[in-house]
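Using our numbering, the first residue of the sequence shown is number 56, and each one after it goes up by one.
Below you'll find the structure, written out as C-alpha cells, and then a few comments.
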Amino acid sequence: MAELSGNYEIRRFPAASEGKDGYAEAATWIRAVAFGFHESRRTPEHVAKSLATYEADGRILTGVYQTGEVAPSSLPADVPVATFATLRKSLNIGFGRTLESQLVTAVTVRTSHRRRGLLRRMMGEDLRLAREDGIAMAALTASEGTIYGRFGFGVASFERQVNVDTTARFSVRHQPTGSVEIADPKVLLELAPEIFGRVHRLTPGSIGRQDWYRQLASGSLGREGKEDPAIKVALHYSADGTVDGYVSYKFLGWDTEPYTVEVVDLVAAGNSAYLELWQFLGAIDLVERVSWAEAPLDDPLAWALADPRCIVSSDSRDMLWLRILDAAKALEARHYPADGHLVLEVNDPLGLTAGTFAVNVQGGHAAVERLPESAEADLSLDISALSSIYLGAVCPVTLTAAGRIVENTPGSALKARQLFAVERSTHCLTHF
Ligand SMILES: CC(C)(COP(=O)(O)OP(=O)(O)OC[C@H]1O[C@@H](n2cnc3c(N)ncnc32)[C@H](O)[C@@H]1OP(=O)(O)O)[C@@H](O)C(=O)NCCC(=O)NCCS
C-alpha cells in the first residue's frame, strides 16, 4: 500500500474468482474499469466470468482509492478512482526466442480525478517494480497515440482492417495440401491454446494469450459478456491430419450489405493453413465480403490472390507498444541475423535503463557492455525509439529521418536495420 499526495492510496491485489477471498474488491475494481471504457454496467455473470479468466492469467489489479471523505452521495471510497492491471506473458522477439514481458492493461482514471498524476504514479511504480523483479520488457496496446510515449513506450507492431471481396473474382493461387472442416465451436476451448502456441513460436511480435481468447473464439464469452451463439468455427488439418489452424467467424446478418462474414479470430500455424483458411472463407456461399480487423500489414494473402484488389479497403494502425526496462538484458536476449558493432546512447525519461551501451554481435549473439557516459555513440536515441526498432517492424533509417534517432556515425542507422531484422513480418494477434 502506498500513500499518494492528495488523499489517495494505491492498492495492489491479485484477481480472485467467485467464492475466493478478495472477490468483492476485484468485482468493484472491474466495474470501475468498465466505467472508464464507457461500457454499460456489467452484469454479475459477466463480472464473474471475467474474473475467472483474470485469475487464470494471474493478473495483478491496481486501484487508486480515496482516503479522505468522499463527496456526499458520490461513489463510495471502495470504488477505485483509477485502475491499472498487469499480467506476465512471453513476447516472441524473433528467431523463436521469447522474453517474459510485463503486460499493462485496464488503465483508467475517473474523469473527476484526471490530470493529477495518478497514471504517472501507477505506471512509474509498476515499471520500476517489474524491472526490480528482473523483467526486461513491458508491453501494452493503446487507446490513444499520445499517452504512452512519455513513459518510454514505442510502437513496435501494426495491424490493419481488411475487407476482402469474396465474390467470383476471389481466387487464392495455392494448391491445397491439407483440408478444412466445420467443427462445434466449443472444441476450441481445448484446441485454441495449443494451436495458438504454435503460431506464437513462429511469429515475431506475438504475445502469449490470456485465457479469455479461447472463450472468445469458442463463443463461450463474447465481447458482450455472454455466450455468443452466432460464432462458427472451421478447423484446418495439415496433410498428416494434425489440426494446425482455425478460424472463428460470424455472419453479420441479412441487413448488412454486401453480405459479410466477420473474422473473430484467425490462427494459422503455417503458410498452407493460412491460405487454405482464406480459401475456405472465400468459398462460403451467399457471402460477398469477409472482414478481419486484426490482419497483418505485410499479408501473404495480398500476394496469393489472383486479384490483389479483392482487398477492397484497409486502414493500418499501431498495435503493440513496447518499453524496454533493461536495455542490456533485452539486447542480449535477441538473436541477430547479421554480425556487427554499434554503440547506442539511450535516454530514458523514467531513468530505468539510461546509459551508453556497446553492442557487439558475433554469430548472432550480442555481448552488451555498458560504457562511461563520455563514450562516443553511433546512435543516440530515446528508449521508446529503441523499443520500436527492437522487433524489426519499425525501420531505424525512418526514425532517423523523423528526428527520433540521431545518427552520429554515418551508416549506423542502416547497420541497426540489418542487425534488428527478424525472420518474418512482425504480427501480434493478442490484444490485451
Ligand atoms: C489516459 C488516462 C489514463 C490518463 O490519466 P491521468 O491520471 O489523467 O494522467 P496523469 O495525470 O498521470 O498524466 C500523466 C501525463 O500524461 C499526459 N496525458 C494523460 N492522458 C493524456 C492523453 N489522453 N493525451 C495526451 N496526454 C495525456 C498528462 O498531460 C501528463 O503529462 P505530463 O506528466 O507530461 O505533465 C485517463 O485520461 C483516462 O482514463 N482515459 C480514458 C481511458 C483510456 O483511454 N485509457 C487508456 C487505455 S490504453
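Quick reminder that beta carbons are idealized off the backbone N, C-alpha and C, glycines included.
With a cutoff of 8 angstroms on beta-carbon distance, L446 and T485 are scored as not near each other.
When beta bridges are read from the DSSP output, Y292 appears opposite S234, V298. Counting only residues whose CB is nearer than 6 angstroms to a non-hydrogen atom of ligand 1, the list in chain order is G91, V162, T163, V164, R169, R170, R171, G172, L173, L174, R175, A197, S198, E199, T201, I202, R205. Shortest Cα-Cα distance from A193 to any of S368, R97, I262, G151 involves I262. Going by DSSP, F206 is part of no beta strand (DSSP E) at all; its letter is neither H nor E. Rounded to whole angstroms, L154 and V254 show a C-alpha spacing of 16 angstroms.
About 6 angstroms separates the beta carbons of C450 and R472, which is inside the 8 angstroms limit, making them a contact pair.
Across the structure, D181 and D133 are spaced so that their CA atoms are roughly 21 angstroms apart. The three-state reading of DSSP puts S273 in coil, since its state is none of H, G, I, E or B. Shown here for V217: same chain residues with a beta carbon closer than 6 angstroms to its own, the five before and five after excluded, namely W347, A350, I366, S369 in chain order. Collapsing the DSSP output to three states places Q216 in a strand.
G274 places its beta carbon 8 angstroms or farther from that of R97. According to the DSSP assignment, H255 belongs to no beta strand (DSSP E) but to the alpha helix (DSSP H) extending over 242-257. When the beta-carbon positions are compared, H390 and G419 come within less than 8 angstroms of each other.
DSSP, reduced to helix, strand and coil, places N326 within a helical segment of the structure shown. Excluding its 5 nearest sequence neighbours in each direction, A289 has C-beta neighbours in its own chain below 6 angstroms: V235, I237, V302, F335, listed in chain order.
DSSP places T455 in no beta strand (DSSP E) but in the uninterrupted alpha helix (DSSP H) bounded by 451-456. The stretch 66-84 and the stretch 105-124 touch, with no fewer than 3 CB-CB distances between them shorter than 8 angstroms. Proximity of the stretch 376-392 to the stretch 208-226 meets the contact definition, three or more beta-carbon pairs being nearer than 8 angstroms. CA-to-CA, the gap between N415 and L386 works out to about 10 angstroms. Excluding residues up to 5 positions away in sequence, L106, A107, E110 lie with their Cβ nearer than 6 angstroms to the Cβ of S72 in the same chain.
Pairing F213 with L352 gives a Cβ-Cβ distance under 8 angstroms.
Put simply, of H229, Q230, V398, E199 the residue whose alpha carbon is nearest the alpha carbon of G466 is V398.
The beta carbon of R224 lies closer than 7 angstroms to those of D362, C365 in the same chain, with the five residues before and after it left out.
Taking C-alpha positions only, T315 is separated from K104 by approximately 29 angstroms. Per DSSP, reduced to three states, the secondary structure at S369 is strand. Its chain contains E331 as the residues whose beta carbon lies nearer than 6 angstroms to that of P231, once the 5 sequence neighbours on both sides are disregarded; these appear in chain order.
If you draw a straight line from the Cα of E282 to the Cα of L276, it comes to about 5 angstroms. Taken atom to atom, the span from the alpha-carbon of R215 to that of R372 is near 6 angstroms.
Annotation: D394 to R479 spans about 19 angstroms, alpha carbon to alpha carbon.
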